[in-house]
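S.K.: Line by line, the protein sequences are chains A and B.
Under this note's numbering, residue 275 is the last one in the first sequence; the count climbs by one each step, no gaps.
Under this note's numbering, residue 275 is the last one in the second sequence; the count climbs by one each step, no gaps.
Heads up, the beta-carbon is just placed ideally off N, CA and C, and yes, glycines get one too.
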Amino acid sequence: MIIDSHVHFEQDRLDEIVAFARVSEIDKLCISTLGTHSYIPAPTREEIIVCNNATLMAMESYPDVFVGFCYLNPNDGCEALREMDRCLERGMKGVKLWIASKASSREVAQIAEHAMEHGVPLLQHSSNKTTGNSEFGSNSSDVVILAERFPKLTIIMAHLGGNGYRGVADVEKHTNIFIDTSGGEPTVGITEHAVNTLGAERILFGSDVPGRSFDVQIGKIFGAGIKDSEKDLILCGNMKRILKL
Amino acid sequence: MIIDVNAFIGQWPFYALSDCTTEVFKRTLDKHNIQLALVSSLDGIFHHDPQFANERLLEETVADYRIINVPVINPELPSWEKILDRDLKLHPIAGIKILPNYHLLNLDGDAFREFLTRFSKYDLPLIIQLRMEDLREKHPLLSVGEVNLREILDVVMTNFHKSAILLAGIKFSEILTHKQDFRENPLMFCDTSWIEGVNSMKRSVDAIGIEKILFGSHSPLFYMESQIFKIRRSGLSESEQGMIFHDNFKRYAPALRPIKEKVFTKQLNQKEN
Numbered sequence: 031m032i033i034d035s036h037v038h039f040e041q042d043r044l045d046e047i048v049a050f051a052r053v054s055e056i057d058k059l060c061i062s063t064l065g066t067h068s069y070i071p072a073p074t075r076e077e078i079i080v081c082n083n084a085t086l087m088a089m090e091s092y093p094d095v096f097v098g099f100c101y102l103n104p105n106d107g108c109e110a111l112r113e114m115d116r117c118l119e120r121g122m123k124g125v126k127l128w129i130a131s132k133a134s135s136r137e138v139a140q141i142a143e144h145a146m147e148h149g150v151p152l153l154q155h156s157s158n159k160t161t162g163n164s165e166f167g168s169n170s171s172d173v174v175i176l177a178e179r180f181p182k183l184t185i186i187m188a189h190l191g192g193n194g195y196r197g198v199a200d201v202e203k204h205t206n207i208f209i210d211t212s213g214g215e216p217t218v219g220i221t222e223h224a225v226n227t228l229g230a231e232r233i234l235f236g237s238d239v240p241g242r243s244f245d246v247q248i249g250k251i252f253g254a255g256i257k258d259s260e261k262d263l264i265l266c267g268n269m270k271r272i273l274k275l
Numbered sequence: 003m004i005i006d007v008n009a010f011i012g013q014w015p016f017y018a019l020s021d022c023t024t025e026v027f028k029r030t031l032d033k034h035n036i037q038l039a040l041v042s043s044l045d046g047i048f049h050h051d052p053q054f055a056n057e058r059l060l061e062e063t064v065a066d067y068r069i070i071n072v073p074v075i076n077p078e079l080p081s082w083e084k085i086l087d088r089d090l091k092l093h094p095i096a097g098i099k100i101l102p103n104y105h106l107l108n109l110d111g112d113a114f115r116e117f118l119t120r121f122s123k124y125d126l127p128l129i130i131q132l133r134m135e136d137l138r139e140k141h142p143l144l145s146v147g148e149v150n151l152r153e154i155l156d157v158v159m160t161n162f163h164k165s166a167i168l169l170a171g172i173k174f175s176e177i178l179t180h181k182q183d184f185r186e187n188p189l190m191f192c193d194t195s196w197i198e199g200v201n202s203m204k205r206s207v208d209a210i211g212i213e214k215i216l217f218g219s220h221s222p223l224f225y226m227e228s229q230i231f232k233i234r235r236s237g238l239s240e241s242e243q244g245m246i247f248h249d250n251f252k253r254y255a256p257a258l259r260p261i262k263e264k265v266f267t268k269q270l271n272q273k274e275n
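As structure tokens, this is what we get:
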């Protein structure tokens, strides 16, 4: 089995996404919706509900394929917690946060505490861009602050390539932080470095489809100079454990 | 059979590459059944004068018939023509590679137009390397920006004639934006190394025609597995994949000088037999 830990919904492309996942022999896709037509960095409450309903629709269309992650705007306070409850009650398995608020903020702390109480993972966008992050975009230092506040919360820090060598160094001591390999170019070396530094059990395969493609992104794992047993953990074993599948 | 039109050998200055030597590259060719690779020097990109790096790469690879050198040229260095004349007497060259953003070329300047006019007489392909890495991840000391593709195409199409132009490292979005340029210029090609997105290979084919697309790996910076999966899992037919992996190269190669064409033909025939 192969599990993709990081996929996004795109209107009218669900069938295409599933078909290409099958070509790459990927069985399950952890999906969140950041916008039904274009991604919304700071969605309103109404937009959040539309996004999460799209995820629920995807889960209903392909119940054996899609594992839902609910998209939240931490600035919505208690409303965000209620939306998390609604989504988890309907079968979603995790929470997705993008760039509405930094991972080190109080607003995200409230979300994190609620996710921890529910025992679900929090997938947090993060990158250490040389060219600078967006105003409320998180970097790996922000994610570390979140991990220190909630050591029992399972945090998936998105985008190994975007966080780079600095990101791996930042999270090394914080064993409740996993890193997904999604997005970015299939650059040689960073997968091996992350495995050697953190251990394969903290790395998760992800693609960031549909902006990226399954074939290129999975090549980062199959092409890496690591053991087959480590590839198995990255492609399936770790996420299976996190999702309690 | 695979022909790789966009590969490198050498050190990337900003992180360690374990698979960057000529010997490792030869093993990569064996492992992935790549019969021919057009290779440039990574080191040459960053040298004030790339010629030393070009020559060193040539010395390391000249004995392997599968590796054809593509020298890195800085068009604003006055020595480029003298060096090219000398190199052409010594060994096959599958065109030259320019890197507008790494060499900070003034695309609107007389020097670049003069270079294109003079280079036209060689009847060799011109490979324009549009990008080397995601600029969001570049080293903070680098001042490299994005290449303005519209600007460079306007200058090149006006001043460079007869031979093939290969846009190496083009993105899927740029293919869609510039599809009319591909349609209007029979000798304008691109490689696959930076094309990505769900169904992006088939959509690229639909936009510009399959005969315009050649396999490029961007090795050793990118995983070869990612690059080959991209074609194998694209939904294109076996024959369409074959066009990208090798057949289209024969459309691109006739632009080479006759002596080089013989070398290529001989090598390809040997492999096909």
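With 16 other CB atoms within 10 Å as the buried threshold, where does B:SER165 fall?
M.R.: With 16 or more other Cβ atoms within 10 Å, it is buried.
S.K.: Of all the options A:VAL95, A:ILE272, A:ALA142, which has the alpha carbon lying nearest to the alpha carbon of A:ASN105?
M.R.: Comparing Cα positions, the closest option is A:ALA142.
S.K.: Alpha carbon to alpha carbon, how far is B:GLU139 from A:VAL239? Give it in angstroms, no decimals.
M.R.: Here the alpha carbon of A:VAL239 sits roughly 20 Å from the alpha carbon of B:GLU139.
S.K.: In the stretch 230-261 of chain A, which residue ranges form an unbroken alpha helix (DSSP H) of at least 4 residues, counting only runs that do not cross its ends?
M.R.: 244-252
S.K.: Can a CB atom of chain A be found closer than 8 Å to the CB of B:MET134?
M.R.: B:MET134 does not count as touching chain A.
S.K.: Report yes if the CB atom of A:ILE32 is closer than 8 Å to the CB atom of A:ILE47, and no otherwise.
M.R.: It is not a contact, given that the beta carbons lie outside the stated cut-off.
S.K.: Does the Cβ-Cβ distance between A:SER296 and A:HIS189 come in under 8 Å?
M.R.: Limits of chain A in this structure are 31 at one end and 275 at the other, which puts residue 296 of chain A out of reach.
S.K.: If we ignore side chains and look at the alpha-carbon of each, how far apart do B:ILE215 and B:ASP6 end up?
M.R.: 12 Å
S.K.: Alpha carbon to alpha carbon, how far is B:LEU128 from B:TYR254? Give it in angstroms, no decimals.
M.R.: 11 Å
S.K.: From B:GLN13, B:SER20, B:THR24, B:VAL41, pick the residue whose C-alpha is nearest to that of B:GLY218; which is it?
M.R.: B:VAL41
S.K.: Under 8 Å between C-beta atoms, does A:TRP128 make it to chain B?
M.R.: No - not a single Cβ of chain B is within 8 Å of the one on A:TRP128.
S.K.: Anything in the stretch 195-225 of chain B with a Cβ closer than 7 Å to a Cβ of chain A? List those residues in chain order, please.
M.R.: Cβ contacts with chain A come from GLU198, GLY199, VAL200, ASN201, SER202, PRO222, LEU223, PHE224, TYR225.
S.K.: My understanding is that B:ALA170 touches B:SER195, with C-beta atoms under 8 Å, so please give their C-beta distance in whole angstroms.
M.R.: 7 Å
S.K.: Does DSSP put B:ARG259 in a helix, in a strand, or in coil?
M.R.: Note that B:ARG259 scores a pLDDT of 41, beneath 50, so its modelled location is shaky; the value from the coordinates is reported in the next line. If DSSP states are grouped into helix, strand and coil, B:ARG259 belongs with coil.
S.K.: Under 8 Å between C-beta atoms, does B:LEU19 make it to chain E?
M.R.: Although the question refers to chain E, the structure presented lacks it and instead comprises the protein chains A and B.
S.K.: Using three-state DSSP, classify B:THR160 as helix, strand or coil.
M.R.: helix
S.K.: Does the structure place the stretch 207-218 of chain A close enough to the stretch 34-49 of chain A that three or more beta carbon pairs sit under 8 Å?
M.R.: Contact holds: three or more Cβ-Cβ distances are below 8 Å.
S.K.: Of all the CB atoms in chain B, is at least one closer than 8 Å to the CB of A:ARG242?
M.R.: Yes - at least one Cβ of chain B is within 8 Å of the one on A:ARG242.
S.K.: Helix, strand or coil for A:THR227, going by three-state DSSP, please let me know.
M.R.: helix
S.K.: So, at 7 Å on beta carbons, what are the nonlocal neighbours of A:PHE180 in its own chain, with the 5 sequence-adjacent residues on each side left out?
M.R.: ALA142, GLU143, MET146
S.K.: Would DSSP call B:LEU107 helix, strand or coil?
M.R.: coil
S.K.: Checking contacts by CB at 8 Å: is A:ILE264 closer than that to chain B?
M.R.: no
S.K.: Between B:GLU153 and the rest of its own chain, which residues show a CB-CB distance below 7 Å, the 5 nearest in sequence each way excluded?
M.R.: LEU109
S.K.: When you compare the CB of B:PHE10 with every CB in chain A, is at least one pair closer than 8 Å?
M.R.: Not one chain A Cβ lies under 8 Å of B:PHE10.
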